[in-house]
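For the protein sequence lines, the chains are F and L, in the order given.
Under full-length UniProt numbering, think of the first position of the first sequence as 1, with each following residue one higher.
Under full-length UniProt numbering, think of the first position of the second sequence as 1, with each following residue one higher.
Backbone N, C-alpha and C define an ideal beta-carbon position, used for all residues, glycine too.
Being a predicted model, the structure only gives us computed values, none of them experimental.
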Amino acid sequence: MTPQQGAEVEPGADAQAADGNVLEREVPVTPDTAPWLRLDARVIWVDVAQSLLSLTPAAVATWVVGVDPTWGAMWPFVLVAVLGVIGAARDALRWAFTRYRVTDEHVERRTGIVVRRYRSVRRDRIRSIDVTARLRHRLAGLRVVLIGAGQQFSAGESALSLDALHRDDAAALRRTLLSGEAAPPGARTAPPTRTAGSEGPTGFAGPADRSTEQVIARFRPSWVVYNVVGVWSVVAAAGLLWGAYWLVAMFGLDPGTWIQRNLSPGEVGWPVTIGMTLGAVLAVGTVARAAGYFSTHWRFELARVPGDDSTQLRTRQGLLTTREVNRDERRIRGAHVSEPVLWRWLGVADTEVITTGLSIWSGSTSILPRGPLPVARRVVGEVLEMSPGPFSRRLAPHPPAALRRRLWWATVVGAAVTGTSGWLASNGAVPVTALWWGAASWVVALASAVVAYRALGHTIVGDHLVVRSGLMSRATTVLRRDAVSTIALRESILQRRLGLRTVSAMTAAGWGVYEAPDVAVEESLAFALEAAPGLLEPFLEPHDPPQDASADRPTPQ
Amino acid sequence: MPNLRSPVHRVDPRAVRWWTLRGLCSAGLVLVVLLLVAWLWEPARGWLVAPIVLVAAWTAARALVEPRWRYAVHRWETTDEAVYGLTGWVVREWRVAPLSRVQTVDAVRGPLEQLLGLATLRVTTASSSGAINIVGLDKDVAEQVAERLTLVVEQVPGDAT
């Protein structure tokens with residue numbers, strides 16, 4: 001589509017300024033009398049505590065365990081201590097040089113020691129307020145506030161972060177920014193609602209309007225099953241075991257000999273070795289992932305919270321590090337349920353909302369922990385307030401030609417692998433048995449083709465379009481039809497021969513484009529017409545001519 | 001079921017020359033580099049035969065086939081409600097964006113286009129992948145269309161998301 005990119009002159013190349021949501025410059029621009037505020041002073045205490053804490057391993061190693069205080073034995077502890085102290089000192093400096101304020105129109109922040117940076121976010125462009133706290137913040141009663149303004153300012157970064165505020169200030173700031181009311185004259189000069197125990201039983205800030213909120217989903221301990229399966233368990237276990245080995249060796253023990261004696265194949269035989277290793281890796285991995293699930297999603301709750309002029313979709317979760325995300329429901333355009341291929345028999349599903357203004361990398365789009373598919377479907381239905389639910393209609397399958405296309409791809413992959421291994425074998429680089437790899441890859445690819453074909457589907461449910469595709473992760477997308485900003489029909493030469501077209505619906509939210517690949521030609525237009533109502537109608541042929549001229553192969557003139 | 005009709009206007013005939021030049025500047029450049037390497041570095045010649053043949057074929061396709069094919073395919077149209085473009089050669093694409101969702105309309109001119117008196121009409125929407133580029137327009141036509149569309153777009157309220 002953009003063949004000439006890179007060769008052109010961009011008028012007004014300042015995308016940031018054209019966007020206008022977030023501005024970064026060296027001096028403030030808005031003349032305003034609102035007072036500049038400091039971050040909470042407890043940040044300093046946290047820094048001091050962190051410095052002391054980073055010195056403890058060295059102290060423990062020297063005085064408790066009695067490691068020789070030589071450079072060779074002590075360097076990891078020294079490294080930890082130095083990094084910890086430097087980090088804390090930097091953080092304290094950052095605190096000393098950071099000011100923020102909320103005016104009627106902007107949220108502004110000045111920061112930087114050598115290079116002063118000023119950043120402002122227009123309040124009417126604020127799309128999410130993320131309140132998180134690590135363990136150290138929670139112990140000190142602090143909260144980190146991340147303000148998202150729907151810009152691609154820098155991948156995965158919030159428009160503006162305030163690290164950290166007192167939990168009540170954070171709650172007050174969140175309420176102010178989300179309700180759109182005029183800025184209070186300094187959030188903290190007004191007597192704060194700093195009552196003892198205001199944090200509530202969940203340990204979260206701002207237990208406001210609890211009476212009217214509607215809880216859609218809650219933490220289920222049993223979902224741990226869905227979160228421990230997967231290859232990442234093995235990776236986590238490998239990392240943990242390696243770390244444990246290193247740590248034990250650090251304190252002067254020698255796990256190598258123990259393994260040699262109890263686990264080596266020469267001593268106990270191969271089956272025991274393999275069994276023990278696999279068992280240990282799986283057990284450690286499972287426990288690690290289960291711990292991760294509980295600590296990340298502890299007391300998870302997804303709720304619809306009424307605000308002043310719109311409702312918010314709020315998630316709260318976390319055991320040690322808590323995280324609360326508020327998403328403006330006016331900006332939600334749809335939802336996305338993906339099912340990893342290897343665990344589809346178990347019904348594992350990840351659920352995300354498709355919304356404008358939230359980076360898909362920020363993690364704020366996920367509204368449910370990995371869990372059972374039926375729950376994901378119910379939650380999507382309730383979040384989008386669809387009745388009947390988006391998954392109530394059977395998706396229209398795609399024509400067999402789509403399967404043929406995938407089988408051809410599989411064959412090409414198989415042939416390429418066979419050809420490469422054959423060439424390598426003829427050069428003597430790999431043994432001749434490598435040719436079997438080609439055969440095996442062909443079989444796997446054919447099976448994948450069938451799986452990918454069976455994943456295809458599309459339909460229209462009420463005001464939403466539903467498309468499903470994907471091999472490794474079967475993704476079902478539910479998108480509001482009035483959110484479709486561009487519609488495209490695409491057809492390669494091979495697709496034309498097979499009578500297929502890909503329908504793409506572009507939108508400002510989420511990934512930006514959602515596709516129904518390989519729909520039958522005659523169905524593709526009908527689907528596109530329905531997916532973007534009123535958009536394509538003016539460009540239809542007025543009558544039904546026997547043969548269409550536009551879809552024919554172009555004849556060069 | 002009625003069919004989608006083609007957009008009304010063809011692009012400027014000078015676009016054929018532009019596509020040819022573009023093909024020569026991209027694929028042709030790779031070919032030149034490969035030939036230079038083969039000429040200067042003897043031991044590599046045996047390995048470079050296959051890449052050179054492939055790139056030469058690709059260059060020929062880009063310079064001879066692609067421009068004429070594209071000229072036969074490419075069409076565009078704007079109404080008061082939407083922008084409609086048909087582009088591509090091996091992969092063809094029909095793309096429609098409603099003006100109510102358009103954020104910017106620009107007539108963009110790269111160096112090669114300036115040389116030939118051409119311009120690209122670029123219509124962007126809030127979607128990162130929803131832009132419509134109509135390449136190979138006469139520069140005056142592109143500017144007029146951009147001006148007209150900008151007027152229409154300005155009258156639509158909302159932030160177009």
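(message) Please list, in chain order, the residues of the region 59 to 83 of chain L that have any C-beta partner in chain F closer than 8 Å.
(response) Arg68, Trp69, Tyr71, Ala72, Val73, Glu77, Thr79, Glu81 and Ala82
(message) Counting only Cβ pairs nearer than 8 Å, list the residues of chain F close to Thr125 (chain L).
(response) Ser485, Thr486, Met506 and Ala508
(request) Pick helix, strand or coil for Ile113 (chain F), following the three-state DSSP scheme. (result) coil
(request) Let me know if Trp258 (chain F) comes out buried or exposed under the rule of 16 or more other beta-carbons within 10 Å of its beta-carbon. (result) exposed
(message) When you compare the CB positions of Val353 (chain F) and Arg316 (chain F), do they come within less than 8 Å of one another, or not?
(response) no
(message) Closer than 7 Å between beta carbons: that is the criterion. Which residues of the UniProt domain "YdbS-like PH" (453 to 523) of chain F meet it against chain L?
(response) Ser485, Thr486, Ile487, Ala488, Leu489, Arg490, Glu491, Ser492, Ile493, Met506, Thr507, Ala508, Gly512, Val513 and Glu522
(request) Assign Ile132 (chain L) to buried or exposed, taking buried as 16 or more other Cβ atoms, counted over all protein chains shown, within 10 Å of its Cβ. (result) buried
(message) Here's the rule I'm using: 16 or more other beta-carbon atoms within 10 Å means buried, otherwise exposed. How should Asn227 (chain F) be labelled?
(response) buried
(message) By the DSSP assignment, the beta strand (DSSP E) with Glu329 (chain F) in it spans what residues?
(response) Unbroken run through Glu329 (chain F): none, as it is neither H nor E.
(message) Strictly below 8 Å CB to CB, what residues from chain L border Leu536 (chain F)?
(response) Leu4 and Val96
(request) Use the C-beta contact count for residue 559 (chain F): other C-beta atoms within 10 angstroms, 16 or more gives buried, fewer gives exposed. (result) Only positions 1 to 557 of chain F appear in this structure, which leaves residue 559 (chain F) out of reach.
(message) Please classify Phe251 (chain F) as buried or exposed, where buried requires at least 16 neighbouring CB atoms within 10 angstroms.
(response) exposed
(message) Threshold first: 4 residues or longer. Then list the alpha helix (DSSP H) segments lying entirely within the region 249 to 313 of chain F, N to C.
(response) 255 to 263, 265 to 268 and 270 to 297
(message) Only counting the same chain, and skipping five residues up and downstream in sequence, which positions put a Cβ closer than 6 Å to that of Val83 (chain L)?
(response) Ala97, Val123 and Ile132
(message) Assuming Met74 (chain F) is part of the alpha helix (DSSP H), what are its boundary residues?
(response) Trp71 to Phe97
(request) Just confirm the distance between the C-beta atoms of Asp130 (chain F) and Val325 (chain F), as a whole number of angstroms; I'd bet it's less than 8 Å. (result) 5 Å
(message) Among the candidates F:Leu146, F:His166 and F:Ala171, whose CA atom is the shortest distance from the CA of Leu160 (chain F)?
(response) F:Leu146
(request) Please go through the same chain and pick out, in chain order, the residues whose beta-carbon is closer than 7 Å to the beta-carbon of Pro533 (chain F), but skip the five residues on each side of it. (result) Arg481
(request) Note the first and the last residue of the continuous beta strand (DSSP E) segment covering Leu319 (chain F). (result) Run containing Leu319 (chain F): none; DSSP gives neither H nor E here.
(request) Return yes when the Cβ of Ala96 (chain F) is within less than 8 Å of the Cβ of Gln50 (chain F), no when it is not. (result) no
(message) Bridge partners for Asp350 (chain F) per DSSP, in chain order?
(response) F:Ser338
(message) Using only the alpha-carbon positions, how far apart do Val135 (chain L) and Arg22 (chain L) sit?
(response) 12 Å
(request) Evaluate Arg121 (chain L) with the Cβ neighbour count: other Cβ atoms within 10 Å of its Cβ, from every protein chain shown; 16 or more gives buried, anything less gives exposed. (result) Here residue 121 (chain L) is Leu; the residue named in the question, Arg, does not match the sequence. Buried.
(request) Quick one: give me the first and last residue of the alpha helix (DSSP H) that residue 165 (chain L) is part of. (result) Since the displayed chain L opens at 1 and closes at 161, residue 165 (chain L) lies outside it and no answer follows.
(request) Taking Glu541 (chain F) as the query, report the chain L residues whose CB atoms sit under 8 Å from its CB, ordered along the chain. (result) Pro2, Asn3, Leu4 and Arg5
(request) On the DSSP bridge assignment, give the partners of Leu142 (chain F) in chain order. (result) F:His166
(request) Please classify Trp69 (chain L): does DSSP put it in a helix, a strand, or coil? (result) helix
(message) 8 Å is my cut-off, CB to CB: does Leu525 (chain F) come that close to chain L?
(response) yes
(request) Tell me where the alpha helix (DSSP H) around Val430 (chain F) begins and ends. (result) Neither: Val430 (chain F) is in no alpha helix (DSSP H) and is coded neither H nor E.
(request) Along the alpha helix (DSSP H) that carries Ala439 (chain F), what are the first and last residues, could you check? (result) Leu435 to Ala455
(message) By the three-class DSSP mapping on this structure, what secondary structure does Asn3 (chain L) have?
(response) coil
(message) I want to see whether chain F comes within less than 8 Å of Glu154 (chain L), judged by CB atoms only; does it?
(response) no
(request) Name, in chain order, the residues that DSSP records as bridge partners for Asn133 (chain L). (result) L:Arg122
(message) Am I right that Leu489 (chain F) and Ala528 (chain F) are in contact with their C-beta atoms under 8 Å? What's the rounded C-beta distance?
(response) 6 Å
(message) According to DSSP, is Gly88 (chain L) part of a helix, a strand, or is it coil?
(response) strand
(request) May I ask you to report which of helix, strand or coil DSSP gives Ala236 (chain F)? (result) helix
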